[in-house]
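Heads up: the sequence shown at position 33 corresponds to 33 in UniProt numbering, and the numbers run straight through without jumps. We treat Cβ as the ideally placed atom computed from N, Cα and C, and that holds for glycine. None of the values given here were measured: they were computed from a predicted structure. First the structure, in the form of structure tokens, and then the observations on it.
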Amino acid sequence: MLKVENLSVHYGMIQAVKDVSFEVNKGEIVSLIGANGAGKTTILKSLSGLVKPSGGSMTFNNEDLTKKSAPAIVKSGLVQVPEGRHIFAGMTVMENLELGGFIHNNHDEKKEILDYIFETFPVLKERLKQDAATLSGGEQQMLAMGRALMTKPDLLLLDEPSMGLAPIFIREIFHIIERINKQGTTILLIEQNANMALKLSDRGYVLETGQVVLKGSGKELLESEEVQKAYLGG
Numbered sequence: 001m002l003k004v005e006n007l008s009v010h011y012g013m014i015q016a017v018k019d020v021s022f023e024v025n026k027g028e029i030v031s032l033i034g035a036n037g038a039g040k041t042t043i044l045k046s047l048s049g050l051v052k053p054s055g056g057s058m059t060f061n062n063e064d065l066t067k068k069s070a071p072a073i074v075k076s077g078l079v080q081v082p083e084g085r086h087i088f089a090g091m092t093v094m095e096n097l098e099l100g101g102f103i104h105n106n107h108d109e110k111k112e113i114l115d116y117i118f119e120t121f122p123v124l125k126e127r128l129k130q131d132a133a134t135l136s137g138g139e140q141q142m143l144a145m146g147r148a149l150m151t152k153p154d155l156l157l158l159d160e161p162s163m164g165l166a167p168i169f170i171r172e173i174f175h176i177i178e179r180i181n182k183q184g185t186t187i188l189l190i191e192q193n194a195n196m197a198l199k200l201s202d203r204g205y206v207l208e209t210g211q212v213v214l215k216g217s218g219k220e221l222l223e224s225e226e227v228q229k230a231y232l233g234g
């Protein structure tokens, strides 16, 4: 579904991503883990068309992403939930969701997707007319995910979905990610909570200073001595 080969990204003279290669197969949850500054978010921004790579290739469903604009990438079925949520303050929950569904013109299709969103995130249905800025951190994360799911993506990119959340919300968000995946959405997950991410993932890649240094199944990486020492307090 997604294949990244020798991806390099520069910010001026600084190389943030160095010849990174990985793939995501249909139906999987794949994690990219690593410390701050490892290049994880830059990779997602490249996939979403927000940052232009300086080298390498990115193909999604056999189409070259480097030649597509950000809106065209969304319409092709690849959607990102950004770090920090970035919900639209001053707009209601419903207005935020409607903005997420901008690519759909069919009223019945939009209603069907909204029903799915409300089934997945019941709290959003209770808060439809509420200013999105007044939601709790966990509820805002649910809204950001719901807004992305309004596009009916084939591949959902999640950038640090548990960041800044209370433990009870972190567990709930990971349960929701698992449920979304089981209902047919492939997921590429960036997460500093390596333990929870790898437990959930089919496969994972460990990044350090813009490079992939380890890869394997979620189970293999959880049991890796290097991962335990660096990320799991082992």
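(message) Check whether the region 125-132 and the region 159-169 touch, using three or more Cβ-Cβ pairs below 8 angstroms as the test.
(response) The region 125-132 vs the region 159-169: no contact.
(request) Look at the Cβ atom of Leu-198, then the Cβ atom of Leu-165, and state whether they are nearer than 8 angstroms. (result) No; because the gap between Cβ atoms is not below 8 angstroms, this pair is not in contact.
(request) Would you please state the rounded distance, in angstroms, between the beta carbons of Thr-59 and Leu-50? I believe it to be under 8 angstroms. (result) With 8 angstroms as the limit, Thr-59 and Leu-50 do not qualify as a contact, their Cβ atoms being about 18 angstroms apart.
(request) Specify, as a first and last residue, the run of the alpha helix (DSSP H) that Lys-67 falls within. (result) From DSSP, Lys-67 is part of no alpha helix (DSSP H); its letter is neither H nor E.
(message) For Arg-203, count the other beta carbons within 10 Å of its own beta carbon; 16 or more makes it buried, fewer makes it exposed. Which is it?
(response) Buried: at least 16 other Cβ atoms inside 10 Å.
(message) Taking the beta strand (DSSP E) that Glu-208 belongs to, which residues open and close that run?
(response) It spans 203-208 - the beta strand (DSSP E) in which Glu-208 sits, taken as one unbroken run.
(message) Can you look up His-10 in the DSSP assignment and give me helix, strand or coil?
(response) Three-state result, His-10: strand.
(message) For the pair the region 106-118 and the region 64-82, tell me if three or more CB-CB distances fall below 8 angstroms.
(response) At 8 angstroms Cβ cutoff, the stretches do not touch.
(request) In the DSSP assignment, find the beta strand (DSSP E) that holds Phe-60 and state where it starts and stops. (result) Taken as a continuous stretch (DSSP letters only), the beta strand (DSSP E) holding Phe-60 covers 55-60.
(request) List the residues that DSSP assigns as beta-bridge partners of Gly-138. (result) DSSP lists no partner for Gly-138.
(request) Give the DSSP-derived three-state secondary structure of Ser-31 in the structure shown. (result) Ser-31 falls in the strand class under three-state DSSP.
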